[in-house]
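Following: one structure in structure tokens, then a few remarks.
Protein chains: 2
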Amino acid sequence: MPELILHQDPRSGNCYKIALTAALLGMPLRIRNYEIMRGETRTPAFLAQVNANGRIPVLQIGDKFLPESNAACWYLAQGSALVPGERFAQADVLRWMFFEQYNHEPNVATLRFWLRFVGQANLSEAQAAQIPAKRAAGDAALKLMDEHLAERAWFVGEAATLADIALFAYTHVCEQGAFALDGYPAVVAWIARMRALVGFVAMES
Amino acid sequence: MPELILHQDPRSGNCYKIALTAALLGMPLRIRNYEIMRGETRTPAFLAQVNANGRIPVLQIGDKFLPESNAACWYLAQGSALVPGERFAQADVLRWMFFEQYNHEPNVATLRFWLRFVGQANLSEAQAAQIPAKRAAGDAALKLMDEHLAERAWFVGEAATLADIALFAYTHVCEQGAFALDGYPAVVAWIARMRALVGFVAMES
Chain A
118 MPELILHQDP RSGNCYKIAL TAALLGMPLR IRNYEIMRGE TRTPAFLAQV NANGRIPVLQ
178 IGDKFLPESN AACWYLAQGS ALVPGERFAQ ADVLRWMFFE QYNHEPNVAT LRFWLRFVGQ
238 ANLSEAQAAQ IPAKRAAGDA ALKLMDEHLA ERAWFVGEAA TLADIALFAY THVCEQGAFA
298 LDGYPAVVAW IARMRALVGF VAMES
Chain B
118 MPELILHQDP RSGNCYKIAL TAALLGMPLR IRNYEIMRGE TRTPAFLAQV NANGRIPVLQ
178 IGDKFLPESN AACWYLAQGS ALVPGERFAQ ADVLRWMFFE QYNHEPNVAT LRFWLRFVGQ
238 ANLSEAQAAQ IPAKRAAGDA ALKLMDEHLA ERAWFVGEAA TLADIALFAY THVCEQGAFA
298 LDGYPAVVAW IARMRALVGF VAMES
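Line order of the protein sequences matches chains A and B. Convert by adding 117 to the 1-based position in the first sequence; the result is the number in the numbering used here. Convert by adding 117 to the 1-based position in the second sequence; the result is the number in the numbering used here.
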């Protein structure tokens with residue numbers, strides 16, 4: 118395999134997903150850090166070479182660039198136990214990964230970003246107006262996860278998959294966005310199972 | 118393969134993705150229609166049996182239920198030419214599918230839904246306040262697609278894949294959300310290529 122370089126901000130859960138996947142698979146990753154708050158992912162050079170969408174993470178594979186955190190995890194994990202080969206199970210892993218990007222991340226991760234890194238006082242009026250809806254939608258996502266995990270140890274099948282990694286990234290730091298994990302005991306137990314995985318690495322911040 | 122049933126609203130581009138994938142692959146689908154505007158996907162029976170997330174589409178495969186449009190397409194297309202087997206290409210298809218759900222659908226599809234089906238006069242204040250940001254983000258997504266397609270016929274590789282199907286669904290009806298396709302000539306040419314695919318079916322509305 119060509120050299121793997123993760124273009125990232127260590128505070129981003131989306132970046133952490135890729136680092137965690139690589140760690141669980143024992144794959145070495147070189148790290149290149151960017152300060153998103155200083156616009157380092159919107160420079161002309163970044164847009165031209167790394168990602169025209171101006172976002173991290175991007176997984177660089179030799180001279181190819183792969184944006185989108187969950188796609189990068191997929192690249193790393195294809196053929197491993199983190200991506201089941203059985204037809205329905207494989208699609209079901211993607212079901213939770215799309216749920217994560219559509220229902221979970223825009224709410225749970227965005228409130229963490231706004232409250233912990235931007236600061237409530239610095240939000241625009243339009244952003245502040247969205248807090249109640251994002252709070253409700255984030256709690257709905259956590260509740261759905263909790264109900265699913267009440268009857269099973271992992272999101273799909275009998276072992277951890279990319280579905281768990283994708284959802285773990287922002288869930289385990291959701292209290293930084295003022296979500297309360299107390300109300301989701303099955304999620305709390307699953308977080309402990311995730312931390313106990315062989316090869317697990319913690320998020321840097 | 119067990120019987121396939123698509124739980125859908127025919128006006129939804131997310132539902133259409135699945136119908137188009139099945140049509141291109143020559144797979145028969147039974148259709149079960151719901152009126153989302155009448156809350157038919159939020160009934161206790163729907164939440165308990167079909168999708169706890171209260172959303173369509175859901176692809177029913179025998180007695181199993183698979184929410185998330187792009188995951189359902191993946192179920193249908195695994196092993197076909199719509200999902201490349203090569204490692205980077207497969208992840209790159211997912212890269213565009215995650216881009217679609219994160220950067221495109223919440224903007225392009227939401228404005229279509231609000232303007233065509235809800236009606237601007239019926240939007241909440243919080244929704245109306247989001248229109249400018251969604252307009253800008255939707256146009257940014259269309260511009261990024263146009264720049265990508267300026268140099269190639271399909272999003273990944275040399276033929277249509279699920280990346281094209283996922284992005285086609287709401288792009289080809291984006292003018293219903295007051296996006297102007299005129300500014301995106303490479304997208305317009307790609308829409309024509311999509312319509313010419315063998316087995317292509319049109320969206321119902």
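Note that CB positions come from ideal geometry on N, CA and C, so glycine has one too. Computed from a predicted model, the values in this text were never measured in an experiment.
Ignore the nearest five residues each way along the sequence and tell me which others in residue i's own chain have a CB closer than 6 Å to its CB.
i, result
"Glu217 of chain A", "Ala283, Leu284"
"Thr278 of chain B", "Leu199, Val210"
"Val273 of chain A", "Ala206, Asp209, Val210, Ala280"
"Asn131 of chain A", "Pro174, Ser186"
"Glu321 of chain A", "Pro127"
Can you confirm whether residue i, when its beta carbon is compared against all beta carbons of chain B, has any partner nearer than 8 Å?
i, result
"Pro184 of chain A", "yes"
"Gln195 of chain A", "yes"
"Glu264 of chain A", "yes"
"Ala250 of chain A", "yes"
"Ala188 of chain A", "yes"
Within this structure, are the beta carbons of residue i and residue j separated by less than 8 Å?
i, j, result
"Thr158 of chain A", "Ile173 of chain A", "yes"
"Met144 of chain A", "Leu121 of chain A", "yes"
"Ala303 of chain B", "Asp263 of chain B", "yes"
"Ala253 of chain B", "Tyr133 of chain B", "no"
"Leu123 of chain B", "Leu137 of chain B", "no"
"Gln195 of chain A", "Gln195 of chain B", "no"
"Gly156 of chain B", "Leu164 of chain B", "no"
"Trp213 of chain A", "Ala280 of chain A", "yes"
"His221 of chain B", "Ala267 of chain B", "no"
"Ala243 of chain A", "Ala246 of chain B", "yes"
"Phe215 of chain B", "Arg128 of chain B", "no"
"Ala169 of chain A", "Leu261 of chain B", "yes"
For chain A, find out if any of its Cβ atoms is closer than 8 Å to the Cβ of residue i; answer yes or no.
i, result
"Phe205 of chain B", "yes"
"Leu261 of chain B", "yes"
"Ala246 of chain B", "yes"
"Tyr192 of chain B", "yes"
Kindly list the residues whose CB is nearer than 7 Å to the CB of residue i, restricted to its own chain and excluding five residues on each side of it in sequence; keep chain order.
i, result
"Ala295 of chain A", "Leu228, Leu232"
"Lys251 of chain B", "Asn224, Thr227, Leu228"
"Leu240 of chain B", "Trp231"
"Val167 of chain B", "His124, Val175, Phe182"
"Glu292 of chain A", "Leu298"
Buried or exposed: residue i, going by 16 or more other Cβ atoms within 10 Å of its Cβ?
i, result
"Gly299 of chain B", "Here residue 299 of chain B turns out to be Asp, not Gly, going by the sequence shown. Per the 10 Å Cβ criterion, exposed."
"Asp180 of chain B", "exposed"
"Glu185 of chain A", "buried"
"Glu203 of chain A", "exposed"
"Gln237 of chain A", "exposed"
"Pro249 of chain A", "exposed"
"Met381 of chain B", "This structure does not reach residue 381 of chain B, given that chain B is present from 118 up to 322, and the question cannot be answered."
"Pro201 of chain B", "buried"
Using a Cβ-Cβ cut-off of 8 Å (strictly less than) and excluding sequence neighbours within five positions of residue i, which residues of its own chain qualify?
i, result
"Val315 of chain A", "Leu141"
"Tyr151 of chain A", "His124, Gln125, Asp126, Glu157, Thr158, Phe163, Ile173"
"Phe317 of chain B", "Leu137, Ala140, Leu141, Met311"
"Leu183 of chain A", "Val175, Leu176, Gln177, Ala189, Tyr192"
"Ala270 of chain A", "Trp307, Arg310"
- prompt: What residues from the stretch 166-185 of chain B come within 8 Å of chain A, judged by C-beta to C-beta, listed N to C?
  reply: Along the stretch 166-185 of chain B, the positions whose C-beta sits under 8 Å from a C-beta of chain A are Ala169, Asn170, Ile178, Lys181, Leu183, Pro184, Glu185, read in chain order.
message: Give me the subset of the stretch 208-219 of chain A whose CB atoms are less than 7 Å from a CB atom of chain B, sorted by chain position.
response: Ala208, Asp209, Leu211, Arg212, Phe215, Phe216, Gln218, Tyr219
Chain A contacts made by the stretch 270-302 of chain B, where a contact means CB separation under 9 Å: none
message: Can you pull out the residues from the stretch 139-166 of chain B whose beta carbon lies closer than 9 Å to at least one beta carbon of chain A?
response: none
task: Could you name the residues of the stretch 216-243 of chain B whose beta carbon sits closer than 9 Å to any beta carbon of chain A, in the order they occur along the chain?
output: Listed in chain order, the positions of the stretch 216-243 of chain B with a beta carbon within less than 9 Å of a beta carbon of chain A are Phe216, Gln218, Tyr219, Asn220, Glu222, Pro223, Glu242, Ala243.
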